[in-house]
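Visitor: Read top to bottom, the protein sequences are chains V and F.
Residue 345 is where the first sequence ends in my numbering, and the numbering goes up by one at each step.
Residue 770 is where the second sequence ends in my numbering, and the numbering goes up by one at each step.
For glycine and all other residues, C-beta sits at the position ideal for the given N, C-alpha and C.
On a predicted model such as this, the values are computed, not experimentally measured, just so you know.
Below is one structure. I have some questions about it.
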Amino acid sequence: MTAPTRPARQQQDPGLRPVPWRRMAWVTWRQHRFALTGAAAFLGAWAVYLWLSGLQAHHAYAAATACHPASSFACGNLISEFNNTYGARSEAVASLLQIVPALIGAFVGAPVLARELETGTFRYAWTLAFGRTRWTLAKLVPLAVTLAAAVGAFSALLSWYYAPFFADGNQTALAPTVFTLRGVTFAAWTLATFAIAALAGMLIRRVVPAIAAALAAYAGLALAAALYLRGHYLTPVVTSHQNLPVTAWIISQWWTKDGTFAFAPWPPDSLARRICPISASGIGNPKSANPLQCFAQHGYTLWHSYQPVSNFWPFQWIEGGWLLALSVLLIAATVWLVRRRPT
Amino acid sequence: MNVVDASGLGKRYGRTWALHHCTLAVPAGHIAALVGPNGAGKTTLLNIAVGLVTPSAGDLTVLGGRPPGSPAALDGIAFVAQDTPVYKNLSAADMLHLTRNLNRRFDQAYAQARLRELGIPLNRKASKLSGGQQAQLALTLALARRPRLLLLDEPVAMLDPIARHDFMATVITAAASDGVSVLLSSHVLTELERVADFLVLLSQGRVQVAGPVADLLATHRVLAGPAAEADRYTERPVVHVFRDGLRARLLVRAGAGDPVPPGWRAHPVGLEELALAYLRAPAEDESGAGAPGTSDAEAKRVTT
């Protein structure tokens with residue numbers, strides 16, 4: 003047998019310079035241009051609508067605020083017209099836009115690896131001199147940055163669109179339906195879904211199931227963030243005052259009696275019927291007209307924990323931060339998987 | 467220099483060894499055929515050589531001691547995988563562009579000239595090309611990289627006879643004029659005689675025999691004689707007995723000078739018959755050397 007002579011051969015290729023990174027730019031664009039232009043067209047159509055609709059809303063709001071005297075009937079009409087027309091429209095827009103980050107992230111991210119693995123072309127792409135680890139990095143990182151930048155720009159427009167509705171300072175800016183549409187979290191969720199989809203594509207190796215898995219993972223994560231995580235980014239304010247600011251995002255409420263926990267969030271029916279019955283005859287009866295007062299008279303105290311609206315930007319950075327960290331981690335894991343075990 | 471050098475190589479998928487105790491050295495400058503039935507481990511071996519699969523046991527180096535998948539190995543090896551996976555949605559021109567961008571060398575003029583010769587329009591998408599044209603496109607891309615080693619996994623399995631002939635002609639030309647070493651896998655035995663000058667027979671995950679075709683043919687003979695006496699021949703190792711009614715043909719490991727028993731006639735062996743005999747009679751070794759017997763080391767040794 004020919005004796006295997008392996009060691010110390012590595013050093014003889016010092017002149018072997020890697021293929022320059024920039025050569026991947028054309029490849030990435032050529033292979034993902036439909037996904038990217040599709041996403042751009044989708045965002046562009048939304049942007050046109052938001053711009054036109056936003057201009058009207060800004061004008062209507064400016065007219066309402068410039069109205070003098072503010073307490074006049076005509077001015078009140080302008081304000082209620084603004085709220086009825088544009089307020090309702092902005093809420094519809096908010097509910098439609100909720101899934102946009104997930105859709106864009108999943109549709110751009112899932113095919114990056116899944117399509118190569120599904121069609122077998124990874125055997126071609128990953129055996130060229132560029133190298134598969136660098137290939138994966140050169141695809142995922144520019145796509146992630148491009149997506150984040152484009153969606154970030156879009157969410158700047160979105161923040162402008164929503165400005166009139168938050169201008170009077172009476173909105174719950176932390177409410178789940180609007181929190182992720184403004185600031186940095188819109189782009190951060192897009193980035194995170196992109197990273198989830200890329201990893202799902204590497205693991206599942208098929209485009210459509212990878213998109214489905216990414217959307218499911220996004221839904222789970224977004225629900226967990228809205229229901230459990232976000233309320234605890236910073237310690238909530240706990241108070242037994244009944245005059246909460248209108249902008250407060252209430253996390254929870256509970257009752258105490260004599261300094262110990264009684265029940266949450268509302269009294270049990272049996273207790274309510276016993277001590278504060280709301281009977282037909284009760285209407286007009288000052289003693290039982292307001293159940294809150296009635297319970298208070300029986301020694302119960304209502305407590306709230308809430309997040310003040312001043313936490314909006316800290317929360318944006320916290321959520322954007324952990325989503326960015328998660329995305330970096332997932333992309334690193336994907337690259338590691340490609341490097342370690344392609345088949 | 468050995469373009470592929472494996473020792474004790476094994477790859478396990480679950481409980482099945484796709485490759486087991488595989489020891490092999492393919493020297494440079496050959497068109498080597500990796501022959502074996504479906505499931506013999508040919509694709510696994512090629513995928514390990516190109517860095518797409520990590521071995522479970524043993525090791526393999528390419529191009530004179532380089533690890534598979536290392537920059538030098540990727541630079542020097544062009545791989546055409548089974549079913550010639552080109553990007554179906556890309557045009558031939560885009561495939562050229564992509565391949566040129568992702569390699570240190572790419573002979574654009576050669577690639578364009580060859581595609582013109584083959585009548586493959588540059589602006590046509592790969593999905594619109596025939597199977598033979600797709601295979602030729604993949605081969606052209608591989609050769610335009612000016613590799614030192616060309617690995618082809620079942621390149622002609624899906625092609626009609628004419629396309630198969632054209633494809634092999636391209637491979638032979640490249641090997642002859644550019645000195646490209648070639649290792650191609652195939653379960654088709656015909657035509658190999660014309661193409662390959664080095665043979666690796668793989669069956670059930672093991673190397674049955676490997677060596678230059680000329681050496682293999684010189685060290686094997688076919689003895690034809692009465693079937694009743696077939697079991698009595700013990701002078702030289704018998705690889706396999708082909709029985710046909712009253713007559714039997716023995717493939718034996720013997721040279722032209724070895725004695726022929728009375729009543730028997732000796733013939734030179736053809737590559738196809740040699741391959742069939744080894745594939746029908748897989749090695750039953752326990753040693754892990756992949757050799758049917760001690761004297762087989764003779765046939766497997768590579769001396770260049």
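At the 8 Å Cβ level, is R582 (chain F) part of the contact set with chain V, yes or no?
Guide: Along the second sequence, one-based indexing puts residue 582 (chain F) at 116. Chain V contact via Cβ: absent.
Visitor: What do you reckon, are the CB atoms on G322 (chain V) and A190 (chain V) nearer than 8 Å?
Guide: For the purposes of this step, residue 322 (chain V) is identified with residue 320 of the first sequence, where counting begins at 1. For the purposes of this step, residue 190 (chain V) is identified with residue 188 of the first sequence, where counting begins at 1. The answer is yes: Cβ separation under 8 Å.
Visitor: Let's see if you can read the secondary structure: which residues bound the beta strand (DSSP E) around W128 (chain V)?
Guide: Stepping through the first sequence from its first residue, residue 128 (chain V) is reached at position 126. Counting along the chain, W128 (chain V) falls outside any beta strand (DSSP E), and DSSP gives it neither H nor E.
Visitor: Got a sec: which bits of the region 26-57 of chain V sit with their beta carbon under 8 Å from any beta carbon on chain F, in order along the chain?
Guide: Answer set for the region 26-57 of chain V: M26, W28, V29, R32, Q33.
Visitor: Considering only their Cβ atoms, is the gap separating L603 (chain F) from I628 (chain F) smaller than 8 Å?
Guide: Within the second sequence, the letter at position 162 stands for residue 628 (chain F). Within the second sequence, the letter at position 137 stands for residue 603 (chain F). Not in contact: I628 (chain F) and L603 (chain F) (Cβ atoms no closer than 8 Å).
Visitor: What residues of chain V sit near N569 (chain F), judged by a beta carbon separation below 8 Å?
Guide: Sequence index remark: in the second sequence, residue 569 (chain F) carries index 103 (1-based). In chain order: V21, L130, A131, F132.
Visitor: Can you pull out the residues from the region 506-528 of chain F whose beta carbon lies closer than 9 Å to at least one beta carbon of chain V?
Guide: Flagged, chain order: N513, V516, G517, L518, V519, T520, D525, T527.
Visitor: Give the DSSP-derived three-state secondary structure of F188 (chain V) in the structure shown.
Guide: Here residue 188 (chain V) corresponds to residue number 186 of the first sequence, with the count starting at 1. Residue state, collapsed to three classes: helix.
Visitor: By Cβ distance below 6 Å, which residues in the same chain neighbour A720 (chain F) in space, the five residues on each side in sequence not counted?
Guide: Taking the first residue of the second sequence as position 1, residue 720 (chain F) is located at position 254. These residues qualify, in order along the chain: R687, R702.
Visitor: By Cβ distance below 7 Å, which residues in the same chain neighbour W730 (chain F) in space, the five residues on each side in sequence not counted?
Guide: For the purposes of this step, residue 730 (chain F) is taken as the residue at position 264 of the second sequence. Here the set comprises L689, A690, G691.
Visitor: Could you please give the first and the last residue of the uninterrupted alpha helix (DSSP H) stretch that includes C296 (chain V)?
Guide: Taking the first sequence and counting its residues from 1, one reaches residue 296 (chain V) at position 294. That run of the alpha helix (DSSP H) goes 293-299.
Visitor: For T1 (chain V), return the contacting residues in chain F, with the cut-off set at a CB-CB distance below 8 Å.
Guide: Not covered by the structure: residue 1 (chain V). The range shown for chain V is 3 to 345.
Visitor: Taking CB distances under 8 Å as the criterion, tell me whether L229 (chain V) reaches chain F.
Guide: Here residue 229 (chain V) refers to the residue found at position 227 of the first sequence. Closer than 8 Å: no.
Visitor: Distance, Cα to Cα, Y235 (chain V) vs E83 (chain V)?
Guide: For the purposes of this step, residue 235 (chain V) is identified with residue 233 of the first sequence, where counting begins at 1. For the purposes of this step, residue 83 (chain V) is identified with residue 81 of the first sequence, where counting begins at 1. Those two C-alpha atoms are separated by around 37 Å.
Visitor: Write down every uninterrupted run of the beta strand (DSSP E) in the region 213-272 of chain V whose length is 3 residues or greater and which is fully enclosed by it, in chain order.
Guide: Here the runs fully enclosed are 239-241, 251-259, 262-265.
Visitor: From what residue to what residue does the beta strand (DSSP E) around R478 (chain F) run?
Guide: As a working note, residue 478 (chain F) is residue 12 in the second sequence. Element bounds for R478 (chain F): 468-479.
Visitor: In whole angstroms, what is the alpha-carbon distance linking A59 (chain V) and Y164 (chain V)?
Guide: As a position in the first sequence, residue 59 (chain V) is number 57, starting the count at 1. As a position in the first sequence, residue 164 (chain V) is number 162, starting the count at 1. Roughly 9 Å between the two C-alpha positions.
Visitor: Buried or exposed: where does L149 (chain V) fall if 16 or more other Cβ atoms within 10 Å of its Cβ makes it buried?
Guide: Along the first sequence, one-based indexing puts residue 149 (chain V) at 147. With 16 or more Cβ atoms within 10 Å of its Cβ, L149 (chain V) is classed as buried.
Visitor: Using a Cβ-Cβ cutoff of less than 7 Å, which residues in the same chain neighbour R612 (chain F) once the five nearest sequence positions on both sides are dropped?
Guide: Mapped onto the second sequence, residue 612 (chain F) falls at position 146. R571, D573.
Visitor: For the candidate residues F:L740, F:V546, F:K554, F:V469, whose alpha-carbon lies nearest to that of P534 (chain F)?
Guide: Walking along the second sequence from the start, residue 534 (chain F) turns up at place 68. Comparing Cα-Cα distances from P534 (chain F) to each of F:L740, F:V546, F:K554, F:V469, the minimum goes to F:V469.
Visitor: What's the C-alpha gap between G233 (chain V) and L562 (chain F)?
Guide: Along the first sequence, one-based indexing puts residue 233 (chain V) at 231. Along the second sequence, one-based indexing puts residue 562 (chain F) at 96. The straight-line gap from Cα to Cα measures roughly 54 Å.
Visitor: If you compare alpha carbons, which of V:G78, V:H70, V:C77, V:G111 is closest to A216 (chain V)?
Guide: One-based indexing of the first sequence puts residue 216 (chain V) at position 214. Of the listed residues, the one whose Cα sits closest to A216 (chain V) is V:G111.
Visitor: I'd like to know whether the C-beta atoms of L665 (chain F) and V501 (chain F) end up nearer to each other than 8 Å.
Guide: Residue numbering aside, residue 665 (chain F) sits at position 199 when the second sequence is read from its first letter. Residue numbering aside, residue 501 (chain F) sits at position 35 when the second sequence is read from its first letter. Cβ distance < 8 Å, so L665 (chain F) and V501 (chain F) count as in contact.
Visitor: Nearest-angstrom Cα distance between D663 (chain F) and A680 (chain F)?
Guide: Mapped onto the second sequence, residue 663 (chain F) falls at position 197. Mapped onto the second sequence, residue 680 (chain F) falls at position 214. Their backbone Cα atoms lie some 7 Å apart in a straight line.
Visitor: Would a check of beta-carbon distances place R91 (chain V) closer than 8 Å to chain F?
Guide: Stepping through the first sequence from its first residue, residue 91 (chain V) is reached at position 89. It does not: the Cβ of R91 (chain V) has no partner Cβ on chain F nearer than 8 Å.
Visitor: Leaving out five residues before and five after L339 (chain V) in sequence, what residues of the same chain have Cβ atoms less than 6 Å from its Cβ?
Guide: On the first sequence, residue 339 (chain V) is found 337 positions in, with the first residue counted as 1. The residues are M204.
Visitor: How many angstroms separate the CA atom of W268 (chain V) from the CA atom of W257 (chain V)?
Guide: Residue numbering aside, residue 268 (chain V) sits at position 266 when the first sequence is read from its first letter. Residue numbering aside, residue 257 (chain V) sits at position 255 when the first sequence is read from its first letter. Answer to the nearest angstrom: the Cα atoms are 8 Å apart.
Visitor: Give me, in chain order, the residues of the same chain whose beta-carbon lies closer than 7 Å to that of P166 (chain V); leave out the 5 immediate sequence neighbours on both sides.
Guide: Along the first sequence, one-based indexing puts residue 166 (chain V) at 164. Here the set comprises A59, H60, Y63.
Visitor: Taking only three categories from DSSP, how would you classify H496 (chain F)?
Guide: Taking the second sequence and counting its residues from 1, one reaches residue 496 (chain F) at position 30. Reduced to three states, the DSSP call for H496 (chain F) is coil.
Visitor: If we cut at 8 Å on Cβ distances, does L18 (chain V) have a partner in chain A?
Guide: Note that chain A does not occur in the displayed structure, where the protein chains are V and F.
Visitor: Would you report the Cα separation of L207 (chain V) and A592 (chain F), rounded to the nearest angstrom?
Guide: Taking the first sequence and counting its residues from 1, the one referred to as residue 207 (chain V) is at position 205. Taking the second sequence and counting its residues from 1, the one referred to as residue 592 (chain F) is at position 126. The residue you asked about is not Leu; residue 207 (chain V) is Arg in the sequence shown. C-alpha separation (whole angstroms): 22 Å.
Visitor: Taking Cβ-Cβ distances shorter than 8 Å, what residues in chain V pair up with T772 (chain F)?
Guide: Because chain F spans 467 through 770 in this model, residue 772 (chain F) falls outside it and cannot be assessed.
Visitor: Between F:L683, F:M624, F:Y699, F:A491, which lies nearest to P727 (chain F) when the distance is taken from Cα to Cα?
Guide: Mapped onto the second sequence, residue 727 (chain F) falls at position 261. Of F:L683, F:M624, F:Y699, F:A491, the residue nearest in Cα terms is F:Y699.
Visitor: Identify which residue in V:A175, V:Y220, V:S254, V:R91 has its Cα closest to the Cα of Y51 (chain V).
Guide: Here residue 51 (chain V) refers to the residue found at position 49 of the first sequence. The candidate whose alpha carbon is nearest that of Y51 (chain V) is V:R91.
Visitor: Relative to the C-alpha of V637 (chain F), which residue among F:A693, F:A539, F:V661 is closest?
Guide: Counting from 1 along the second sequence, the entry for residue 637 (chain F) is found at position 171. Cα-wise, what sits closest to V637 (chain F) is F:V661.
Visitor: Given S312 (chain V), which residues of its chain have a CB within under 7 Å of its CB, disregarding the five upstream and five downstream residues?
Guide: Looking up residue 312 (chain V) in the first sequence gives position 310. So the list is empty, once near-sequence residues are dropped.
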